[in-house]
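Beneath this line is the structure, given in structure tokens, with notes to follow.
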Amino acid sequence: MEINFRELIERYLMRCRPGIKKDSAIQNFVFKLEEQVGQVESKKEFAEKIGYAIDSILISYRRNKAKLVDFISGFCRFLQQEEGIVIEASVFSAEIIDDPAERRIRIACFLHEPKEMKEIVSHFFASERTIRKDLAALRDGITFMGQRIQIEKVREGRKIRYKSTLHPIFLPLNLTEVYILTVGLLSAVPENHPFYMFYEYLAKFIFSQLSGYGKKIIYDAAAAEDTGYMFSSAFKISGGYRDEPTLIRRREGALAYMMKRGEECDITYIENGSNKKICGRIRFSSKNASVIEVKTNTGVKEIEYAKIVRIVPVEYR
Numbered sequence: 002m003e004i005n006f007r008e009l010i011e012r013y014l015m016r017c018r019p020g021i022k023k024d025s026a027i028q029n030f031v032f033k034l035e036e037q038v039g040q041v042e043s044k045k046e047f048a049e050k051i052g053y054a055i056d057s058i059l060i061s062y063r064r065n066k067a068k069l070v071d072f073i074s075g076f077c078r079f080l081q082q083e084e085g086i087v088i089e090a091s092v093f094s095a096e097i098i099d100d101p102a103e104r105r106i107r108i109a110c111f112l113h114e115p116k117e118m119k120e121i122v123s124h125f126f127a128s129e130r131t132i133r134k135d136l137a138a139l140r141d142g143i144t145f146m147g148q149r150i151q152i153e154k155v156r157e158g159r160k161i162r163y164k165s166t167l168h169p170i171f172l173p174l175n176l177t178e179v180y181i182l183t184v185g186l187l188s189a190v191p192e193n194h195p196f197y198m199f200y201e202y203l204a205k206f207i208f209s210q211l212s213g214y215g216k217k218i219i220y221d222a223a224a225a226e227d228t229g230y231m232f233s234s235a236f237k238i239s240g241g242y243r244d245e246p247t248l249i250r251r252r253e254g255a256l257a258y259m260m261k262r263g264e265e266c267d268i269t270y271i272e273n274g275s276n277k278k279i280c281g282r283i284r285f286s287s288k289n290a291s292v293i294e295v296k297t298n299t300g301v302k303e304i305e306y307a308k309i310v311r312i313v314p315v316e317y318r
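In the working numbering, each number is its position in the sequence shown, counted from 1, plus 1.
Structure representation (structure tokens):
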């Protein structure tokens, strides 16, 4: 039984909204598909040819790819429902992002586990040339909302991998939510809390990205709360992503890092005027946030955070 691509695509287009058929990008894409698929003798051959054609054509697109994937996905659903033809194409399981800036941020997230070039190309279904440009930009460092995002190139034997440890987060907030995460947070947490420095850092980060109007509202709210803390736009010049090795150089950073990991660490603390050392897993006391519990093989020891001199991950000994 002969299967004609043009006949099937015209039937599908009749079900689409009027603008779809007139869209020049879709028209051009359909023309290219028809050139590769044409008329075939069986459903199996049709499925194989169109699946290959979809991937081979779309891989080279740098614009409108998301729109075209949406269009052809609808056509493939139509084929399955109406003709019992199941189309398999790699692009359907890929993360399609047309905008280079957004794609580069997503690549930075994707590289939390080191990846080779072919893995990145496959995941984002972009040409190797496009991904190379993205990776080159990320290695040099890109700027988003005033902050620098950068990845690392690592050679492992004959393989080259790319990795990233940053987690870009975008939160569209109203000013009430901004207040909660800045003035509200700093008002609720005592300054002697081990994580106060981090809350202050995050509040500065948020404040630095506000509009002039937003900054005035939050600045005035901080003054009215009498928190003893004043925000400044200067942070956007010096603030930015800090990797974990840098973070754990400070006691509070090491505390947060080891709580996140849930692994053993060496704690040096002062007891009766002398330095003592203990190895175990740490967490806050449920009764007092200024007290740290250290769980060892023999039990749990409570230590006041103020008396802790140093926290060192076991692998950093």
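Quick reminder that beta carbons are idealized off the backbone N, C-alpha and C, glycines included.
In three-state DSSP terms, what is residue i?
i, result
"Ile108", "helix"
"Cys77", "helix"
"Phe145", "strand"
"Lys296", "strand"
"Gln40", "strand"
"Pro195", "coil"
"Lys116", "strand"
"Arg64", "coil"
"Lys288", "coil"
"Pro314", "strand"
"Ile238", "Bear in mind that the predicted position of Ile238 carries a pLDDT of just 43, short of 50, making it too unreliable to give a figure here."
"Asn5", "strand"
"Thr131", "helix"
"Val190", "coil"
"Thr166", "coil"
"Val155", "strand"
"Glu89", "coil"
"Ile268", "strand"
"Ile58", "helix"
"Ile97", "coil"
"Arg12", "helix"
If you follow the beta strand (DSSP E) that residue i is in, where does it begin and where does it stop?
i, result
"Arg159", "Looking at the DSSP string, Arg159 is not in any beta strand (DSSP E), and its letter there is neither H nor E."
"Asn276", "Ser275 to Phe285"
Hey, would you say residue i sits closer than 7 Å to residue j, going by beta carbons?
i, j, result
"Tyr270", "Lys261", "no"
"Ala255", "Ile312", "yes"
"Asp56", "Ser91", "yes"
"Ile98", "Arg104", "yes"
"Lys164", "Leu248", "no"
"Tyr13", "Phe76", "yes"
"Ile86", "Ala48", "yes"
"Val315", "Glu253", "no"
"Pro169", "Tyr306", "no"
"Leu182", "Ile207", "yes"
"Val31", "Ile10", "yes"
"Ala127", "Asn65", "no"
"Val295", "Lys302", "yes"
"Gly281", "Thr297", "yes"
"Arg162", "Pro115", "yes"
Taking the alpha helix (DSSP H) that residue i belongs to, which residues open and close that run?
i, result
"Thr247", "Glu245 to Leu248"
"Lys302", "It is not in any alpha helix (DSSP H) - Lys302 instead sits in the beta strand (DSSP E) that spans Val301 to Glu305."
"Glu178", "Leu176 to Tyr180"
"Pro19", "Pro19 to Lys23"
"Met259", "Arg252 to Arg262"
Going by CA-CA distance only, name the one from the options that's closest to residue i.
i, options, result
"Asp1", "Glu89, Cys77, Cys17 and Thr166", "As displayed, the chain neither begins before 2 nor continues past 318, which places residue 1 out of reach and without an answer."
"Ile51", "Arg159, Leu34, Lys66 and Arg130", "Leu34"
"Met146", "Thr131, Pro173 and Arg156", "Pro173"
"Thr131", "Thr177, Arg159, Pro101 and Ile152", "Pro101"
"Ala224", "Ser188, Tyr197, Arg133 and Gln210", "Ser188"
"Pro246", "Tyr317, Glu153, Val70 and Lys22", "Tyr317"
"Glu1", "Leu211, Arg162, Asp135 and Glu84", "Since the first and last residues shown for the chain are 2 and 318, residue 1 lies out of range."
"Leu139", "Glu192, Met118, Arg7 and Ile106", "Ile106"
"Glu201", "Tyr258, Glu117 and Phe232", "Phe232"
"Tyr214", "Lys134, Leu176 and Asp135", "Leu176"
"Asn1", "Glu84, Ser291, Gln28 and Leu59", "No answer is possible for residue 1: the residues shown for the chain start at 2 and end at 318."
"Ile152", "Asp135, Arg159 and Gly158", "Asp135"
"Val122", "Ile143, Ile58 and Ala95", "Ala95"
Assuming residue i contacts residue j (C-beta within less than 8 Å), just tell me the rounded distance between them.
i, j, result
"Glu3", "Glu36", "Incorrect: roughly 18 Å between the Cβ atoms, too far for contact."
"Val184", "Ala137", "In fact, because the Cβ distance is near 41 Å, the residues do not count as touching under 8 Å."
"Ile268", "Ile279", "5 Å"
Using a threshold of 6 Å, is the CB atom of residue i nearer than that to any non-hydrogen atom of the ligand SAH?
i, result
"His168", "No copy of the ligand SAH occurs in the structure displayed, which carries no ligand at all."
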